[in-house]
Structure formats: structure tokens, C-alpha cells
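> Residues in the sequence shown are numbered consecutively from 8, following the working numbering.
Please read through the structure below; I'll follow up with questions.
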Amino acid sequence: MAPPFLNYTKCAVLVHGKSELVLTQYIYTNLHLPIKIISRDKGKSSIQINGLPAFLKKKPFQSLKAFSDEFSVEYDKKGRCLKNFKLFIIMDTDDCDEDMKKKYISGDLFSGHPLQEYIVPVYNIDNLEDVMLKSGIMVKRISGSDKGSYYNKIFPINTGTVNMDTINQVRIFAHKIRGIKETNMLDFIEYCFTLLPNEKLWEDN
């Protein structure tokens, strides 16, 4: 059964690059959730951890009201806060030094930013490909020029309706990365399932 229409955006995802964008599209189209993806040039140019402070100084991120207007997030005028919303940031950690990596994972990198309390840093150590290999989703490394088509093949966009098969596709992916310490991608998937009525990610819980 398709979830009811959500008037407001409950989740946005800022992605490192094309691979993360394709994976995010795979998850939200299989669950049919109105998730906003934030990328640079549709993922063709990467956003790195070192560049996040500058990227988050752009106009839509300068205030909660500006962000709410840009991404259709519910805004509480009296409380001056966003309601029922999280911003997940999915990054590789191999393009910054150890200190910056720790600040990103802990969230200290976003200290003082208007969106600080809504940001959930998602990390892939050292990168998404390493996590895919460790989980068995990928069996070998793919050259840079072939990554786009490869990820589109293993994470196809669902253009049909939501049903138990599409929801279970995301569950299968979640089971494969469960227990892998090099990523906390499950935080994102678990939140997505809270937006689905009458569905739980882990049916054995």
C-alpha cells in the first residue's frame, strides 16, 4: 500500500557524488518517499568533507526559513525551527585528513550552523566502494569511468508503484550492510522506514 501524500519534505540528502546519488534514488524510489537530493551538478562533480563548510554557506542553507522555503520543509514560526525533518549528508572519508574526518563523523564540523541539530553525518570509510565490497554487494573494484553505469545497474530506479517487493529490496540492502562498522548508512535507511506507515525495517525485532 502506498504511503499517504506528505505535504512537507521530511528528509533531504546531501550526497558526495554520483554513486551516492544513485544509491539514494534507489532507496527512496523503492519506498516512494518524497526525499530531496542535494548534489553538485547532479552528482557529476563531487562534494568533499573539506568543502562542506563552504557549501553550507550558500543561500538556501543560511537560515532555517530560507532552507524551509527552498526544500518545502515544515517551519514553525513561533519556535523558529523545522518540524519532522532530518538532513542526511553522505560522504566518503578518504579525501580529508584524520582531524577533519573526526569532526565530520562527530558532527562538530557543523557546530554553529543553523541546520546543526537536523544534520545526520553518514560516513563510508574509506569510501562507498569499500563498503560495497565488504558487504558483498560488489565483487570487484570498478574503474572511475564505469562506476556510473555499474551503480545504475545494481541500484536501478523504481519507476513503478511501491509494493512489498520494492520495500523488501531496501530491506535486503540493509541486511547486507548491517554490522559493517565502516558505515552508518543504516541510520538513513531506518529513518526512511519511520516515514512508512505500518512498516518496520527489521521484522525480526
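Heads up, the beta-carbon is just placed ideally off N, CA and C, and yes, glycines get one too.
Going along the chain, which residues of its own chain have a beta-carbon closer than 7 Å to the beta-carbon of ILE184, five neighbours each way excluded?
Mapped onto the sequence shown, residue 184 falls at position 177. Cβ neighbours of ILE184 beyond the five flanking positions: VAL138, SER142, THR190, MET192 and LEU193.
> Considering only the beta carbon of each residue, do ASP99 and LEU135 sit closer than 8 Å?
On the sequence shown, position 92 is the one that residue 99 refers to. On the sequence shown, position 128 is the one that residue 135 refers to. Contact flag set, yes.
> If you pair each beta-carbon of the segment 24–39 with each one of the segment 148–167, do three or more pairs fall below 8 Å?
Flag = yes, the segment 24–39 and the segment 148–167 touch.
> Would you call the segment 70–81 in contact with the segment 115–131, where contact means no fewer than 3 C-beta pairs closer than 8 Å?
Yes: the two stretches touch, three or more of their Cβ pairs being nearer than 8 Å.
> Along the chain, which unbroken stretches of the alpha helix (DSSP H) at least 4 residues long are found entirely within the segment 182–210?
Correct list: 192–201.
> CA-CA distance, LEU7 and MET171?
Limits of the chain in this structure are 8 at one end and 212 at the other, which puts residue 7 out of reach.
> Kindly indicate which three-state DSSP category MET145 falls into: helix, strand or coil?
For the purposes of this step, residue 145 is identified with residue 138 of the sequence shown, where counting begins at 1. MET145: coil per DSSP, three-state reduction.
> Please classify PHE12: is it buried, with 16 or more other beta-carbons within 10 angstroms of its beta-carbon, or exposed?
Taking the sequence shown and counting its residues from 1, one reaches residue 12 at position 5. Bear in mind that a pLDDT of 44 at PHE12, under 50, signals an unreliable position, so the model cannot answer this.
> Pair every Cβ in the segment 147–156 with every Cβ in the segment 76–90, then say whether three or more of these pairs are closer than 8 Å.
Touching, no.
> What are the start and end residues of each continuous beta strand (DSSP E) run of 3 or more residues lying completely inside the segment 40–64, in chain order?
Those beta strand (DSSP E) runs which fall completely within the segment 40–64 and span 3+ residues are 43–45.
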